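Reviewing the structure listed below.
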Amino acid sequence: MKKQLQILLMLVLATLLLGCESGDLPAESTTQSQTNTAPAAEQPPAVLSGEALYRSDKAPGSMLYDKPRKVIDGVWSAIGATAPSTYENAGHNNNLSFIITAEGVLVINAGSSYLLAKALHEEIKKITDQPVKYVVLENGQGHAALGSGYWQEQGVPVIAHVDAVREIEENAADLIDRNQKSIKEKAEGTRVVMPDKTFTDQMVIEMGGERIELINLGPSHSPGDIVVWLPKKRLVISGDMAFHQRLLPIFEHTDTAAWIKTWDKFAALDAQYVIPGHGEPTNMAEVTRYTRDYLVELRAKVAAVIDSGGSLLEAYEVDQSAYAHLPTFEFLAKRNAGRVFQAMEFE
Numbered sequence: 004m005k006k007q008l009q010i011l012l013m014l015v016l017a018t019l020l021l022g023c024e025s026g027d028l029p030a031e032s033t034t035q036s037q038t039n040t041a042p043a044a045e046q047p048p049a050v051l052s053g054e055a056l057y058r059s060d061k062a063p064g065s066m067l068y069d070k071p072r073k074v075i076d077g078v079w080s081a082i083g084a085t086a087p088s089t090y091e092n093a094g095h096n097n098n099l100s101f102i103i104t105a106e107g108v109l110v111i112n113a114g115s116s117y118l119l120a121k122a123l124h125e126e127i128k129k130i131t132d133q134p135v136k137y138v139v140l141e142n143g144q145g146h147a148a149l150g151s152g153y154w155q156e157q158g159v160p161v162i163a164h165v166d167a168v169r170e171i172e173e174n175a176a177d178l179i180d181r182n183q184k185s186i187k188e189k190a191e192g193t194r195v196v197m198p199d200k201t202f203t204d205q206m207v208i209e210m211g212g213e214r215i216e217l218i219n220l221g222p223s224h225s226p227g228d229i230v231v232w233l234p235k236k237r238l239v240i241s242g243d244m245a246f247h248q249r250l251l252p253i254f255e256h257t258d259t260a261a262w263i264k265t266w267d268k269f270a271a272l273d274a275q276y277v278i279p280g281h282g283e284p285t286n287m288a289e290v291t292r293y294t295r296d297y298l299v300e301l302r303a304k305v306a307a308v309i310d311s312g313g314s315l316l317e318a319y320e321v322d323q324s325a326y327a328h329l330p331t332f333e334f335l336a337k338r339n340a341g342r343v344f345q346a347m348e349f350e
């Protein structure tokens, strides 16, 4: 009887782990993590690693978790918290970047709310007199898209991949509900709006002597994931193609095998600078370690469980300790293993 009860409890745990998405992590996962050293401008930021310091807010008095910093000439980023959306970080848990040219500014990610988008815009205006000409969404997740209404009110067109638009349409009510539960009155004015322009494979924007390439390289973390590539600067704003300084979440729809294949195209860009979807600006070696290498290692260990006739509960226990120092590890590691196990059973 005791053994049966233990099995039942483990099955309940399995159901809970596989049923929650990143926005539904327990409250304990709100610990923030950032390094305290930004890469020097025009220098490859090779020194940044996954090691992190814990902070609750780097920009008190602002809706932003941290204010924009210069990455290289003409490229800035407001680095988000490496934790899920919380009231304290106001939903700023991804990177909000922008490119300044002689003819205007292109912003990557609208922000998670109307007020967060407004706060970002206020910071941009302190840095440059150039107007914002475009806002590009890295995907259709709430922290990328929910601030779009603010930008459209300013007359700025919002651009996204066609699959990201579909993601927004299908999840509109849930995006708003989760946002309001997370940041409460800070969600004031936030509503779901559709992007003004879409593309499938690639869109090129020539502005102020800068060639800005919006590219869908293939399946990766979420539907409609894109990267923003600046070939002259050899800098890529990767969106959720690449993670740094936090354990990446594997969603129910994430195809990890396809993500690894898509990574080869991402690596072929040969970027010198990488602004990841989450975590500090860095280089290809670092994001490879925390994205591709993690996926390859996890899949190999789960495959060994399957090949030996092991169960889902055994997959939960595969060794992921090399990544245990990363924020959200405690809440995502087992869930990630479970998702990979369920997918690989049918590959």
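Everything in the sequence shown is counted per our numbering, starting at 4 for the first residue and increasing by one.
Glycine included, every Cβ here is placed at the ideal spot set by N, Cα and C.
Everything numeric in this text was worked out from a predicted model, so none of it was measured.
Annotated three-state conformation of Asp180 is helix, per DSSP. Here Gly341 carries a helix assignment [DSSP, helix/strand/coil]. With fewer than 16 other beta carbons inside 10 angstroms of its own, Ser311 counts as exposed. Between the alpha carbons of Ala245 and Leu149 lies a distance of about 21 Å.
For His124, the enclosing alpha helix (DSSP H) stretches over residues 117-130. As computed with DSSP, His281 is found in a beta bridge with Phe246. Minimum Cα-Cα distance from Glu125 among the listed residues Val343, Asn96, Ala81 corresponds to Ala81. Boundaries of the beta strand (DSSP E) harbouring Gln205: 205-210, taken from the DSSP string. Counting C-beta pairs with one atom in each stretch, the segment 86-105 and the segment 257-265 have fewer than three that are closer than 8 Å, which means they do not touch. Selection Tyr326, Ile309, Phe332 evaluated against Val343 yields Ile309 as nearest (Cα-Cα). The alpha carbon of Leu272 has as its nearest neighbour, out of Arg292, Pro284, Val230, Tyr293, the alpha carbon of Val230. DSSP lists Leu238 as the beta-bridge partner residues of Tyr276.
Approximately 19 Å separates the beta-carbon atoms of Thr201 and His224; this is outside 8 Å, ruling out the contact. Within the model, the alpha-carbon separation for Ala120 versus Lys61 is close to 17 Å. Segment contact: the segment 213-228 against the segment 155-170, three or more CB-CB distances shorter than 8 Å; contact assigned. Nearest Cα to Arg194 within the set His146, Pro63, Thr265, Pro284: His146.
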